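Data block below; observations after.
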Amino acid sequence: MPPRRVVLDTNVLISAALMPASVPARLMQALLQSSRLVFAEPTFAELQTRLWRPKFDRYISVEARRRLLIDLSAVAEWVRLPDGPAPRLSRDADDDVFIQAALAAGADWLVSGDADLLDVPGALGLCILSPRQALDRCHHG
């Protein structure tokens, strides 16, 4: 069976980086062992922009942030988003890029703690999970 392909929303990745014992951190560890993390250029750019915000300086060192971005970039499966204007897929247009990345990759899961993404109807053919739901599925099939 090929590895599961997973898009993680920025909030999940930052939570994992800031809180090593958290559900998002445990999920990321499980996924790195059994799955492929999928990024598109805009989803990775959002992570970079948010992770470098000064408000995180007291929680995570510059070196740890730099290393995280390098490591994620190295293990990621990269997808290209379709050209042209993107259709509106969720209540928050900023979240649409994660849906587009998941669709472009044929991802098995899109994982987010964002209610706007979690409430997207399943009609798009995506399995959108919270970090807890995804971690439970990692452990129980």
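Per the working numbering, residue 20 is the first one in the sequence shown, and the count goes up by one each step. Each residue gets a CB set at the ideal place from its N, CA and C atoms; glycine is no exception. As the structure is a prediction and not an experimental result, all values here were calculated from the model.
In the assembly as shown, Q67 is an exposed residue. Its beta-carbon has fewer than 16 other beta-carbons within 10 Å. Less than 9 Å divides the Cβ of S34 from the Cβ of A44.
In the structure shown, V139 falls within a coil segment according to DSSP collapsed to helix, strand and coil. DSSP places L122 inside the alpha helix (DSSP H), whose first and last residues are D115 to A124.
C-alpha of P61 to C-alpha of L100: approximately 9 Å in a straight line. Runs of the alpha helix (DSSP H) spanning 4 or more residues and lying entirely within the segment 52-105 occur at 60-70 and 81-94, in chain order. Counted as a single uninterrupted DSSP element, the stretch harbouring L145 is not any beta strand (DSSP E), since DSSP gives it neither H nor E. Here the alpha carbons of Q52 and R156 stand approximately 14 Å from one another. Taking the Cβ atoms as the reference, V31 lies roughly 13 Å from V57, outside the contact range of under 8 Å.
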